[in-house]
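Colleague: I'd like to ask some things about the structure below.
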Amino acid sequence: MPNFSHSNSPILAQLKPGRSEEEGRQKVLGEELLPSEVSASQACVRCGACMAVCPLYRVTGREAAVARGKLNLWELFQAGRLNSPAALRDFLEFCLLCGACTDKCAVGLKVPEIVKAARAEVAGQIGSAFRAPWLLARLAWQAPHLIPAAAPFAPLLNRVKGWLGEDSGLAYRLWPALSQALHRFPNLQRAPFRRQAPPYLAGRGPLSLAFFSGCGIEALFPQAGLAFLRICENLGAKVVIPPEQGCCGLLAESAGEAELAREQAKALVRTFASLPVDFVVTACASCSYQLKRLGKVLAGEPEAEAARRLAGKVREASEFLVQEAAYRPAPLVRPEGVVYHDPCHLHRGQGISAEPRELLQAATGETLVEPACMDCCGLGGVFGVTSPQISRELGQERLAVYEATGAGLLATSCSGCLVQLHRLAQNIKVVHLLEILG
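In this text, residue positions in the sequence shown follow my numbering: the first is 35, and each later residue adds one.
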């Protein structure tokens with residue numbers, strides 16, 4: 035976590051001499067820059083609307099934690115007024131990429147996209163090798179090989195993970211950040227999703243789709259993917275599950291590893307673009323968000339047009355079931371009540387919030403309850419590793435809202451949210467939305 039002291043901030047201390055911070059701000063706002071040089075971040079009008087909704091600002095109360103502060107620092111860096119890219123990198127990493135600021139932005143700035151681009155530019159200048167985000171991005175890249183190789187050793191790896199994730203003891207004293215990140219982390223499954231699932235469902239109806247499992251469903255939550263296949267079987271849908279599929283690339287892009295994200299996107303195009311299906315469906319909201327952006331990730335590349343067409347086929351599972359399959363689940367008796375957590379990449383990133391509720395309402399009737407407000411679970415991808423203490427605090431804050439509803443089940447539809455909520459939940463059971471439906 036970066037130092038947020040205004041007077042002692044390492045990044046503000048690196049302002050080049052000769053002008054005040056305010057003078058530098060005026061410079062990058064356009065007084066001395068040609069219009070063509072003014073970036074999207076410089077369109078910020080400094081209204082402060084983002085401060086009212088930023089979870090990190092709520093926790094820290096510091097300007098550099100909120101979008102306005104980050105954009106200001108980024109502008110100063112672009113204008114040559116800061117010479118500490120390492121310190122800037124720390125501030126840029128202190129962001130959940132939840133998009134709450136974009137919802138309230140007076141000029142509609144897509145702050146998560148700006149922050150990811152800034153992370154990539156800084157990483158390109160100073161490198162990021164062997165740091166936690168760099169390592170996580172490469173582990174996800176190798177997930178198609180690592181997950182099946184590690185699965186037979188799942189019991190041993192889970193015991194090691196449990197030891198490392200203790201809140202006290204030797205591991206905590208040696209590696210406190212790692213211990214906090216692994217605390218009650220969901221267990222690696224001994225039978226990954228594709229080992230349990232058939233490669234193909236023949237179907238009997240007009241619906242045809244390819245299923246993208248993603249790292250989380252594959253390694254940690256295979257029951258969600260299997261539930262989706264049961265629903266597809268009941269619908270008579272034709273389903274193909276390509277065996278060579280890899281990571282969606284969101285983790286790499288969020289970590290500033292833009293080139294790696296492009297390589298992953300190209301691999302996905304090679305795997306899915308030529309399949310004779312109408313849709314590509316995933317049970318992870320973060321994966322569907324990234325897959326829908328394949329055309330943007332590969333803009334200017336030879337694969338750009340194929341990526342754009344593939345992205346147009348992508349649907350998140352609840353979106354597919356409601357809008358394309360007209361699926362209506364059978365009513366279930368849920369006396370304990372169900373509450374739904376909206377993943378940021380779903381309701382903000384894709385504008386999908388009614389579909390999962392429609393499905394849950396049909397399945398549970400009046401036992402579906404609504405929380406007092408929507409907010410991020412606090413994981414934020416790499417944020418949960420780089421700032422585990424605050425990530426945990428935000429998650430506990432969110433869970434308190436859900437537990438206050440009196441519901442016994444908490445459903446969501448994002449692998450990242452499942453990780454965060456599952457490891458922190460004490461008085462409520464956390465499940466994937468599809469486990470209730472299928």
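We put the beta carbon where it would ideally sit given N, CA and C, even for glycine.
Nothing here was measured: the structure is a model prediction, and the numbers come from that model.
Report back the beta-carbon spacing between Val314 and Lys347 to the nearest angstrom; my notes put them in contact at under 8 Å.
Modeller: Here residue 314 is taken as the residue at index 280 of the sequence shown, counted from 1. Here residue 347 is taken as the residue at index 313 of the sequence shown, counted from 1. That pair is a contact at about 5 Å.
Colleague: Over what stretch of residues does the alpha helix (DSSP H) that includes His466 continue unbroken?
Modeller: For the purposes of this step, residue 466 is identified with residue 432 of the sequence shown, where counting begins at 1. Element bounds for His466: not the alpha helix (DSSP H) but the beta strand (DSSP E), Lys463 to His466.
Colleague: Taking only three categories from DSSP, how would you classify Glu147?
Modeller: As a working mapping, residue 147 is identified with position 113 in the sequence shown. Note: Glu147 maps to helix in three-state DSSP.
Colleague: Looking at the secondary structure, which residues open and close the beta strand (DSSP E) in which Ala445 lies?
Modeller: Along the sequence shown, read from residue 1 onward, the residue named residue 445 stands at position 411. Residues Leu443 to Thr446.
Colleague: How far does the beta strand (DSSP E) with Glu350 in it extend, from its first residue to its last?
Modeller: Walking along the sequence shown from the start, residue 350 turns up at place 316. It spans Val348 to Glu350 - the beta strand (DSSP E) in which Glu350 sits, taken as one unbroken run.
Colleague: Specify the secondary structure class of Thr316 as computed by DSSP and reduced to three states.
Modeller: Residue 316 sits at position 282 when you count from the first residue of the sequence shown. In this structure, Thr316 counts as strand in the three-state DSSP scheme.
Colleague: Quickly, what does DSSP pair Val274 with across the bridge? List them, please.
Modeller: The count along the sequence shown starts at 1 and reaches residue 274 at position 240. Tyr234 and Ala244, per the DSSP bridge assignment.
Colleague: What are the boundary residues of the alpha helix (DSSP H) that Tyr361 is part of?
Modeller: By one-based count along the sequence shown, residue 361 stands at place 327. Here Tyr361 belongs to no alpha helix (DSSP H), and DSSP marks it neither H nor E.
Colleague: Could you check if Cys81 is buried or exposed, using at least 16 other CB atoms within 10 Å of its CB as the buried criterion?
Modeller: If you number the sequence shown from 1, residue 81 lands on position 47. Exposed.
Colleague: In chain order, what residues of the same chain have a beta carbon less than 6 Å from the beta carbon of Trp168, not counting five sequence neighbours either side?
Modeller: The residue given as residue 168 occupies position 134 in the sequence shown. Ser162, listed in sequence order.
Colleague: With 16 as the cutoff for other CB atoms within 10 Å, does Gln214 come out buried or exposed?
Modeller: Residue numbering aside, residue 214 sits at position 180 when the sequence shown is read from its first letter. Looking at its Cβ environment, which holds 16 or more other Cβ atoms inside 10 Å, Gln214 is buried.
Colleague: Apart from the five residues just before and just after Arg327, which ones in its own chain have a Cβ nearer than 8 Å to its Cβ?
Modeller: Sequence index remark: in the sequence shown, residue 327 carries index 293 (1-based). Ala345.
Colleague: Can the beta-carbon of Ala307 be found less than 8 Å from the beta-carbon of Leu332?
Modeller: By one-based count along the sequence shown, residue 307 stands at place 273. By one-based count along the sequence shown, residue 332 stands at place 298. No, Cβ-Cβ distance for Ala307 and Leu332 is not below 8 Å.
Colleague: Go through the stretch 109-148 residue by residue and report every complete run of the alpha helix (DSSP H) that reaches 4 residues or more, in order.
Modeller: Those alpha helix (DSSP H) runs which fall completely within the stretch 109-148 and span 4+ residues are 119-127 and 134-138.
Colleague: In whole angstroms, what is the alpha-carbon distance linking Arg23 and Glu431?
Modeller: Look at the range of the chain in this structure, 35 to 472, and you will see that residue 23 is not part of it.
Colleague: For Thr305, which of Leu366, Ser118, Asn461 and Pro178 has the nearest alpha-carbon?
Modeller: The residue you call residue 305 lines up with position 271 of the sequence shown. Nearest of Leu366, Ser118, Asn461 and Pro178 to Thr305, Cα basis: Pro178.
Colleague: Looking only at its own chain, which residues have a Cβ that is under 6 Å from the Cβ of Ala396, when we skip the five neighbours before and after it?
Modeller: Position 362 of the sequence shown, counting from 1, holds the residue named residue 396. Closer than 6 Å at the Cβ level, and outside the excluded window around Ala396, lie Arg362 and Pro363.
Colleague: May I ask which residues mark the beginning and end of the alpha helix (DSSP H) holding Val87?
Modeller: Looking up residue 87 in the sequence shown gives position 53. Careful: Val87 lies outside any alpha helix (DSSP H) and carries neither H nor E.
Colleague: When DSSP builds the beta bridges, which residues end up paired with Tyr374?
Modeller: In the sequence shown, residue 374 corresponds to position 340, counting from 1. Looking at the DSSP assignment, Tyr374 forms a beta bridge with Ala445.
Colleague: Pull the bridge partners of Leu402 from the DSSP assignment, please.
Modeller: On the sequence shown, residue 402 is found 368 positions in, with the first residue counted as 1. Leu402 is bridged to Val372.
Colleague: Please list the terminal residues of the continuous alpha helix (DSSP H) segment that includes Arg172.
Modeller: Stepping through the sequence shown from its first residue, residue 172 is reached at position 138. It spans Ala166 to Trp175 - the alpha helix (DSSP H) in which Arg172 sits, taken as one unbroken run.
Colleague: In three-state terms, what does DSSP make of Phe227?
Modeller: Here the question's residue 227 lines up with position 193 in the sequence shown. In this structure, Phe227 counts as helix in the three-state DSSP scheme.
Colleague: What separation, rounded to the nearest whole angstrom, lies between the Cα atoms of Val274 and Ser242?
Modeller: Position 240 of the sequence shown, counted from the first residue, corresponds to residue 274. Position 208 of the sequence shown, counted from the first residue, corresponds to residue 242. Rounded to the nearest angstrom, the two C-alpha atoms are 8 Å apart.
Colleague: Compute the Euclidean distance between the alpha carbons of Leu122 and Pro89, then round it to the nearest angstrom.
Modeller: By one-based count along the sequence shown, residue 122 stands at place 88. By one-based count along the sequence shown, residue 89 stands at place 55. Whole-angstrom Cα-Cα distance: 20 Å.
Colleague: Between the Cα of Leu452 and those of Ala438, Cys411, Pro182 and Gln223, spot the shortest distance and give me the residue it belongs to.
Modeller: For the purposes of this step, residue 452 is taken as residue 418 along the sequence shown, with counting starting at 1. The residue with the shortest Cα to Cα distance from Leu452 is Cys411.
Colleague: Taking Gly450 as the reference, which of Gly429, Gly440, Gly442 and Ala438 has the closest Cα?
Modeller: For the purposes of this step, residue 450 is taken as residue 416 along the sequence shown, with counting starting at 1. Comparing Cα positions, the closest option is Gly429.
Colleague: Once you ignore the five residues that flank Ala244 on each side, which residues in its own chain have a CB closer than 8 Å to its CB?
Modeller: Taking the sequence shown and counting its residues from 1, one reaches residue 244 at position 210. These residues qualify, in order along the chain: Val273, Val274, Ile275, Pro276, Phe306, Leu309, Val311, Phe313, Val314 and Val315.
Colleague: Quick check: Ala5 and Cys281, are their CB atoms within less than 8 Å of each other?
Modeller: Coverage of the chain is limited to positions 35 through 472, which leaves residue 5 absent and any answer about it impossible.
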